[in-house]
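Please read the structure below before turning to the comments.
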Amino acid sequence: MSELRLNPLKFLNEAGFEPTDLRKLPSDASQRTYHKFSSGKDRLILMDAPPSSNPKTPTFVDVTEHLLAADLVAPEILGFDLDQGYLILRDLGKRTARDVLQSEPFREVEVYKEILNALLKVETLIIPDLPVLTNSTAGEMTTIAAISYADALELGAEISALVEGYFEKYCDTERTLALRDFHVENVIWRDDQTSDRKVGLLDYQDAFYAPKGYDLISLLRDVRGRVSLETQGKMTALYKEHYDLTHDFDLQLHCLAIQRNLRILGVFGRLIREEGKARYLQFLSRTWELLMEDLAPPEFSELRDLVFEHFPKPTERLFASWEIKN
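Sequence positions in the sequence shown follow full-length UniProt numbering and run 1 to 326.
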């Protein structure tokens, strides 16, 4: 791996592209940056992912190839240098499914149904060498909530053990492919395409195998925005019908949502407090609300009581007490 990285423009030139403009896009929580540019009539994206902080870029390339081979819509990779950490991607467009829902909320069921159809196709794929979300790993992934949100390091092992136990009881089922960060901001909506080509998939370098429903929960129990109860119910019913699942599957969905949102509390806490990304404060109340809803069934009472006792609610008073790095 090269320690000296090419300047982005030089990389593009050496790859045979002469960008007429190179515009940096707003960054997300990752260590990657993106630039849009034009080359001839093509609209392209340069992904700048330094290898030292983006070890999963090869996974992104691998998953992309499998998605495209399955006739799903993902950004075609036109060139890459993994040692340098650069990828040249075809631009799928700038209008996300979130944008559609904000401007045309009456289309909610239509949009989520198309995304669900893509999700069901994703779950049929077999990609070698991807990690598996085991019951123990699921528990371990929640310890960050105790550390970076609740300032209760000593509770990490207890929370992890409870979540692992819930997974053993309610989620110890077949694992299918999950893109993991699966929500409407990571879906490009392509109104000019036919039904099976409307949904463009992004941001799946963390893909792994997880219990059925993992990405469904990511989509419907979205911490960045609200999905109507009607739409949640319809999409869940379609998903259960597709797999011929029983009512017991609802506990599996609650379990998956608890695990995800505990981890999200911790990750957002770390981003805010250690990396100074204060914009994630706006999502903590919604994350907490979803966590409380999914902890409500009596089957999860032990973890619910622990969270109630030791985790502070996300209030302005709490945020004011945090030391946030600049």
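Every residue, glycine too, gets a C-beta built ideally from N, C-alpha and C.
All of these numbers come straight from a predicted model, not from anything done at the bench.
Proximal residues to residue i (C-beta, below 8 Å), its chain only, five neighbours per side dropped
i: His66; result: Leu125, Ile127
i: Gln31; result: Ala49, Pro50, Ser53, Asn54
i: Gln252; result: Tyr170, Cys171, Thr173, Pro211, Lys212, Gly213
i: Leu303; result: Ile159, Leu162, Val163, Tyr166, Ile258, Leu295
i: Glu108; result: Leu101, Val227, Ser228, Thr231
i: Leu120; result: Tyr239, His242
i: Lys56; result: Gln205, Asp206
i: Pro297; result: Leu251, His254
Residues near residue i in its chain [Cβ-Cβ closer than 7 Å; skip 5 each side]
i: Gly276; result: Ile324, Lys325, Asn326
i: Phe319; result: Leu281
i: Asp138; result: It is Ala, not Asp, that sits at residue 138 in the sequence shown. Result list for Ala138: Val163, Glu164, Phe167, Gln259, in chain order.
i: Ser285; result: Pro314
i: Ser301; result: none
i: Ser27; result: Thr33
i: Glu140; result: Ser160
i: Tyr62; result: The sequence given here has Asp at residue 62, not Tyr. Correct list, in chain order: Ile127.
Buried versus exposed call for residue i [16 or more other C-beta atoms within 10 Å across all chains shown]
i: Leu25; result: exposed
i: Glu14; result: exposed
i: Lys10; result: exposed
i: Arg263; result: buried
i: Pro314; result: buried
i: Glu316; result: exposed
i: Glu114; result: buried
i: Phe80; result: buried
i: Arg260; result: buried
i: Lys41; result: exposed
i: Gln84; result: buried
i: Ser2; result: Residue confidence for Ser2 is low, a pLDDT of 45 falling below 50, so the modelled location carries little weight and cannot support an answer.
i: Leu179; result: buried
i: Ser218; result: buried
i: Gly156; result: buried
i: Asp248; result: exposed
i: Phe106; result: exposed
i: Glu123; result: buried
Cβ shell of residue i (< 6 Å), same chain only, five flanking positions each side left out
i: Tyr149; result: Leu265, Gly266, Gly269
i: Asp294; result: His254, Ala257, Ile258
i: Ala97; result: Val111, Val184, Val187, Trp189
i: Pro131; result: Phe208
i: Ile60; result: As written in the sequence, residue 60 is Phe, which differs from the Ile given in the question. Only Gln205 meet the Cβ criterion.
i: Thr287; result: Val223, Asn261, Ile264, Leu265
i: Trp322; result: Arg273
i: Leu216; result: Tyr239
i: Glu76; result: Arg90
i: Phe182; result: Asp215, Ser218, Leu219
Per DSSP, the bridge partner or partners of residue i
i: Ser38; result: Arg43
i: Leu201; result: Val187
i: Thr137; result: DSSP lists no partner for Thr137.
i: Ala210; result: Thr176
i: Lys24; result: His35
i: Asp48; result: Thr33, Tyr86
Proximity test, Cβ basis, 7 Å: residue i and chain C
i: Arg175; result: Looking for chain C here will not work: only one protein chain is present.
**Prompt:** Are there three or more Cβ pairs, one per stretch, closer than 8 Å when the segment 6 to 20 is compared with the segment 90 to 101?
**Reply:** no
**Message:** Count Cβ pairs between the segment 132 to 150 and the segment 306 to 316 that sit closer than 8 Å; are there 3 or more?
**Reply:** yes
**Message:** Ignoring anything shorter than 3 residues, give me the beta strand (DSSP E) runs that lie fully in the segment 143 to 178, in order along the chain.
**Reply:** 175 to 178
**Request:** Pick out the complete alpha helix (DSSP H) segments inside the segment 235 to 316, 4 residues or longer, and give them in chain order.
**Result:** 249 to 275, 284 to 294, 301 to 310
**Message:** Just to confirm the assignment: which complete alpha helix (DSSP H) runs, minimum length 4, are found wholly within the segment 73 to 143?
**Reply:** 97 to 103, 108 to 122, 135 to 140
**Prompt:** Is the segment 229 to 247 close to the segment 190 to 204, with three or more CB pairs under 8 Å?
**Reply:** no
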